[in-house]
Every structure is written in C-alpha cells, then in structure tokens.
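What follows is a single structure, written as structure tokens, with notes after it.
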Amino acid sequence: MRTSDQTPRTPRQHIGAELRRLRTMAGVSGRQLAQRTGLSQSKVSRIERGDALASVPELTHWLEQSGAIDRLEPLISATEAALNQTDGWEEFAQEVSFAEMQAQVQHREATARTQRSFLPTLVPGLLQTAEYARLVFIASDLRGEQDYAAAVQRRLDRQQILYDQTHTFEFILTEAALRWRPGPRELLIAQLDRIASVATLSNVSIGVVPLDVEAQTIPWHGFTLNEDVIDGEPFVQVETMHAYLTVARPEDVELYRRQYAVLRESAATGQHLTDFLSALRAELKP
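In full-length UniProt numbering, the protein residues as written are 1 to 286.
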C-alpha cells in the first residue's frame, strides 16, 4: 500500500508537515502566509511537502504568522539536521514505484536552472534512450514488481526539460559509462547516437573522461549538482547502492563543485567528444 502522499516519511517531510499544521491551526491559508512573509506560494508549497527547507529568517516569519514562535529553536535544529538527507532504497521502494520516483525527480529538476551531472558507471537518465532506460529499470528492480513501461514513459517525460532554453545542463561521463552495455551492441550504438544528438543543443554540454587520460581525482560515485534553484538553495543528488542522498549543507555542496571542476578539466568536449563517439560507434559495429 502506497502511503507516501499521506504520511511524512523523511525529516524534511516531518518539518513540512509540522509547519503546515501550525499554519492551519492559526487559521492562515497558504496564500496569506506567502503574502505576509514575502515567500512565493510555490516556496510555501515546497516547504510543506518537504521538497525544500526554510531558512532561519523564513522560519521566523512563518512561526510569527502562525502564532508559534516558541517552536523556532527546535525547528531550526531539525532543519539543520535535515540539510543532508538519506532515503533508504528498501523503504522508499515499498512506498514509491519507479514511475513515481521519476515524477519526484522531474519535480526537483524543474526547480534548478542549472544542472551539472557526473556518472562513472552508466548513461544518465536524461540522456537515455527508451530501450536503454527499460533495461536499466529491469536491472535495478531486484523484486521484479515494477511497471517498466510506466517508469520508462516518466523518464522520457523528464527529458523534455532538455529543450527548455531557460535550463542549462552539463553532463560528464567516463568512458566506462559509455561502454557499459545492458543489451546488444545495437542498443549501445543507438544510445551513442542519442548522446551525439543531445550534445548539439545550445543549452547542453556533454563531456567524456577517456580511460587513457591521467586521473586528476577519484571518481567515487555519480552525483548531480543543482544550481540556480528557484526559491531555494543549491543541492546535490547522489544515488548509492543502499540509499538516495540529498545534500544541501553549503560546505558539502562546495566539495561537489570542486570535484566537478576537476572532472571537467579531464573531459573531452565539442569536436573531441564527437570524434570519440564516432570511434566508439565504429568499434561496436559488426
């Protein structure tokens, strides 16, 4: 039974639910709170859903308008603790389907004007072909209970944001990620063609770190750095084997910025990327 829409599950959702409860008890609507605090209505909604955290000044104004300023200190402490959030996959998968996960990620992506992604093991979701995505979902579903068609459609829906010129995307992949093949050679050839096509978009930059370049840093794991966040602060998304991490603590976000900058220096882009993709494609052809 899916309960994620009704029951707070994460620390951020608990904070949002408490702020909504205090606002409602004070007889203040979301619109009124937004007007009185200077927050946008979308920011109020995102905070109450647990998609965003309020700053200390925002919390102060919120609680003043809710007649609950005595709750400020514990909510500040809870907010600081929730800056870096961990969602366990096992629990998450029991409540949210792959398709619903894609919808949640799509909502987050819409709030970031600039995204910088690094993947060392496979092609990122925004660049995947439908068949590549289907096989990735199958490989990820250890229970064998997911609706792959629905998940693939949601992932393709997410990709429409690539054509929105108000958003900027940077992708860095390793050569190993481009060579990882969840299906036949023809599948990977089609995937390389997709990457080459998306790389022509003016708001998209794609780079690949070849295996034969000297390593300047250790590619510990993939991550997506979200900058220029609408009504919010920068945050990083990290997928590990056991959990999905949301990193928002400023000093930690800065670590990811520095890591990305070093990776970018080693990546082949532009014509070098085109030549690399062509060579790999020729190697794969029978």
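Don't be surprised by glycine CBs; every beta carbon is placed ideally from N, CA and C.
For T3, three-class secondary structure by DSSP: Confidence in T3 is poor, its pLDDT being 38 and thus under 50, which makes the residue's placement unreliable; the coordinate value appears in the next sentence. The answer is coil: DSSP assigns T3 none of H, G, I, E or B.
Residue range of the beta strand (DSSP E) that includes V236: Taken as a continuous stretch (DSSP letters only), the beta strand (DSSP E) holding V236 covers 235-239.
Integer-rounded CB distance, given that A268 should sit under 8 Å from P210: Contact between P210 and A268 is confirmed by a C-beta separation of about 6 Å, below the 8 Å threshold.
Beta-carbon proximity of R116 to F169, cut-off 9 Å: Yes; because the gap between Cβ atoms is below 9 Å, this pair is in contact.
Own chain partners of L245 with C-beta closer than 6 Å, once the 5 adjacent residues on each side are dropped: T86, V238
Simplified DSSP state of T24, which is helix, strand or coil: helix
Among W180, A199, L119, V253, the one whose alpha carbon lies nearest that of T221: Looking at the sequence provided, one finds His at residue 221 rather than Thr. It is L119 whose Cα lies nearest to the Cα of H221.
Residue range of the beta strand (DSSP E) that includes G88: 84-88
DSSP-derived helix/strand/coil call for residue 287: With the chain covering 1 to 286 only, the question about residue 287 has no answer from this structure.
Chain-order list of residues whose beta-carbon lies under 8 Å from that of A150 (same chain, five-residue window excluded): S97, F98, A99
Proximity of W62 and L19 at Cβ, strictly below 9 Å: yes
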